[in-house]
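Chemist: Terminal number for the sequence shown in the numbering used here: 623, no gaps in between. Handing you this structure, nothing more for now.
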Amino acid sequence: MTTITHIPAEPSWWRIFSRNRGAVVGAVVLVVLFALAIVAPMLLRFEAGRIDVGPSMAPPSLVHLMGTDELGRDVFARAAAGLSVSLMVGFGAATISTFLGVVIGGLAGFFGRSIDALLMRLTEIFQVIPRFFLAVLLVAFFGASIFNILIAIAVLSWPEIARLVRGEFLSLRSRQFVDAARVAGASRTSLIFGEILPNALGPVVVNATLMVGQAMLLEAGLSYLGLGDPTKASLGQMLQEAQQIMRSAWWTTAFPGMFIFLAVLSLNLVGDGLTDVLNPRARGR
339 MTTITHIPAE
349 PSWWRIFSRN
359 RGAVVGAVVL
369 VVLFALAIVA
379 PMLLRFEAGR
389 IDVGPSMAPP
399 SLVHLMGTDE
409 LGRDVFARAA
419 AGLSVSLMVG
429 FGAATISTFL
439 GVVIGGLAGF
449 FGRSIDALLM
459 RLTEIFQVIP
469 RFFLAVLLVA
479 FFGASIFNIL
489 IAIAVLSWPE
499 IARLVRGEFL
509 SLRSRQFVDA
519 ARVAGASRTS
529 LIFGEILPNA
539 LGPVVVNATL
549 MVGQAMLLEA
559 GLSYLGLGDP
569 TKASLGQMLQ
579 EAQQIMRSAW
589 WTTAFPGMFI
599 FLAVLSLNLV
609 GDGLTDVLNP
619 RARGR
């Protein structure tokens, strides 16, 4: 008599992700922030940089949901515009730095020897110098603009990804499925992009998600120091401008700070959820 063994179906990625309630909350908050950054500037009747739209330092009300600053500018309009800038810089810098890290770490881990030694020495040079200090120097030298800030953060953020990818490549290149593909005549390009890289992307995706929050904090810090784009509203710039009146007009710092806090926290929570999704051990629970 033949016995039929039932193999349980592998849970979907959403089922695994939804088990982490914090990750679900983070994803919802992140979607709301994205919608706010995209839709609010188009729907609000007050422009972000327009002055005297209301009384100076007016508290939150039905007309000005987050009050006004010392120049009579609507805090909600400016915070929404600043949030869009922060998200753009965060995701843009994380995308570029992840690409650089994957290329450098992949080459180092796959070829090894002299190429590995050279690329890892380059990585160590970037890691020795404090990231924020070097970002200040780069932005001060090339000029304070959103593009320059994005590029500066991206150029300084790739070493973590490079080391992570290198470790994954070193571990995967000696696996049996890679050896089998090599024996079958697969080229180096096929081995890298067809066999090793797809299996190394899990930790990279999680790290890239966390890197978005780090990039947003770096951008806010640069803007707080006066190195942000003066033509664009920025959350860090709002905090810097309101530091003299924060005791008498708490809303001018509370709401921009709240947006930064919620964005970074939600990204970290989503990163935790992605860790569960991309962890093979979580699929069998």
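Glycine included, each C-beta is placed from N, C-alpha and C at the ideal position.
Applying the 10 Å Cβ sphere with the 16-neighbour rule, what's the burial state of Q514?
Modeler: exposed
Chemist: Can you look up D614 in the DSSP assignment and give me helix, strand or coil?
Modeler: helix
Chemist: Mapping DSSP to helix, strand and coil, what is D412?
Modeler: strand
Chemist: Helix, strand or coil, according to DSSP, for T590 in the structure here?
Modeler: helix
Chemist: How many Å lie between V413 and A446 at the Cα?
Modeler: 48 Å
Chemist: Whole angstroms is fine: what's the gap from A375's alpha carbon to L381's?
Modeler: 11 Å
Chemist: How close, in whole Å, do the beta carbons of A361 and V608 come, if the pair is a contact with beta carbons under 8 Å?
Modeler: 6 Å
Chemist: Pick out whichever of M404, V401, E408 has its Cα sitting closest to the Cα of I389.
Modeler: E408
Chemist: Over the uninterrupted alpha helix (DSSP H) stretch that includes D567, give me the two end residues.
Modeler: First-last for D567: undefined, no H or E at that position.
Chemist: Flag this pair as yes or no: are the beta carbons of V423 and S604 separated by less than 8 Å?
Modeler: no
Chemist: Let me make sure I understand the geometry here. Which of T590, P594, V474, F480 has the alpha-carbon closest to that of S394?
Modeler: T590
Chemist: Give me the Cα-Cα distance between L612 and M549, rounded to the nearest whole angstrom.
Modeler: 14 Å
Chemist: Quick check: what's the CA-CA separation for S528 versus F449?
Modeler: 14 Å
Chemist: Decide yes or no for the touch test of the region 457-466 against the region 430-437: beta carbon pairs closer than 8 Å, at least 3 of them.
Modeler: As far as the Cβ criterion goes, the region 457-466 does not touch the region 430-437, which means the pair count is below three.
Chemist: For I521, does the count of other Cβ atoms within 10 angstroms reach 16, so buried, or fall short, so exposed?
Modeler: First, the amino acid is wrong: residue 521 is Val here, not Ile. Exposed.
Chemist: Return the residue from the list L400, A415, A396 that minimises the CA-CA distance to T406.
Modeler: A396
Chemist: May I ask which residues mark the beginning and end of the alpha helix (DSSP H) holding I491?
Modeler: Here the alpha helix (DSSP H) through I491 covers 484-510.
Chemist: Taking the straight line between their C-alpha atoms, what separation do you get for G392 and I442?
Modeler: 52 Å
Chemist: Could you pull the start and end residues of the alpha helix (DSSP H) that S452 belongs to?
Modeler: 451-466
Chemist: Would the region 505-519 count as touching the region 470-484 if we require 3 or more Cβ pairs under 8 Å?
Modeler: no
Chemist: Are S483 and A553 touching if we call contact CB-CB under 8 Å?
Modeler: no
Chemist: Need the endpoints of the alpha helix (DSSP H) that D650 sits in, please.
Modeler: A question about residue 650 goes unanswered here, because the residues of the chain that appear run from 339 up to 623.
Chemist: With the cut-off set at 8 Å, would you say I491 and L556 are in Cβ contact?
Modeler: yes
Chemist: So is T547 buried or exposed if we call it buried at 16+ other beta carbons inside 10 Å?
Modeler: buried
Chemist: When burial is assigned at 16 or more other CB atoms within 10 Å of the CB, is F593 buried or exposed?
Modeler: buried
Chemist: Three-state secondary structure (DSSP) at A519?
Modeler: In the structure shown, A519 sits in a helix (DSSP, three-state: H, G or I).
Chemist: Which of the three DSSP states, helix, strand or coil, is assigned to G392?
Modeler: Reduced to three states, the DSSP call for G392 is coil.
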